[in-house]
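Participant: Add 6 to the 1-based position in the sequence shown for the numbering used here, that's all there is to it.
Could you have a look at this structure, given as structure tokens, before my questions?
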Amino acid sequence: MATADIVNGLPDGTDRRAAERVLRAIGESYGLKPEILRLDDPFSALGAIDSWSLGRGQEALEKWLKDNGVLHLKSPPRTIRDLITFVLSS
């Protein structure tokens with residue numbers, strides 16, 4: 007599914023291009039094609055995948071977040087949707 011179609015599931019008024027950038031960053035961080043990700047995918051599943059690469063995906067995502075001005079998360083995101091929503095509201 008195209009990333010533009012994936013982020014269409016976000017609320018109206020959401021910056022779709024920015025949401026796509028976050029989705030791509032998540033995929034790239036974890037070594038996954040962003041087109042296979044879904045908004046309701048849990049981060050626990052990404053963490054399970056990441057365990058095979060010794061946490062590099064989480065580290066890469068944390069670096070991307072920091073580089074984009076997100077220094078602290080209110081709470082750990084449960085889903086990809088949660089993270090995108092938080093990043094866009096920051």
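Even for Gly, the Cβ is constructed at its ideal location relative to N, Cα and C.
On a predicted model such as this, the values are computed, not experimentally measured, just so you know.
(1) Take Arg84 and list the residues in its own chain whose beta-carbon comes closer than 7 Å to its own, dropping the five residues that flank it on each side.
(2) Would you decide whether Arg87 is buried or exposed? Buried here means 16 or more other CB atoms lie within 10 Å of its CB.
(3) Given a cut-off of 7 Å on the beta-carbon distance, is the pair Glu41 and Met7 in contact?
(4) Return the Cβ separation of Leu94 and Ala25 in integer angstroms, given the expectation that the two are a contact with Cβ distance under 8 Å.
(5) Do Gly19 and Leu45 have their CB atoms nearer than 7 Å?
(6) May I have the straight-line CA-CA distance separating Leu79 from Gly37, to the nearest angstrom?
(7) What's the call for Gly63, buried or exposed, on a 16-neighbour Cβ count within 10 Å?
(8) Using beta-carbon positions only, say whether Arg22 and Val28 come within less than 7 Å of one another.
(9) Grouping DSSP H, G and I as helix and E and B as strand, with all else coil, what is Pro40?
Facilitator: In short:
(1) Pro48, Phe49
(2) Flag for Arg87 reads buried.
(3) Met7 sits close to Glu41, with the two beta carbons spaced by under 7 Å.
(4) 6 Å
(5) Against a cut-off of 7 Å, the Cβ pair of Leu45 and Gly19 comes out as no contact.
(6) Answer to the nearest angstrom: the Cα atoms are 22 Å apart.
(7) buried
(8) no
(9) helix
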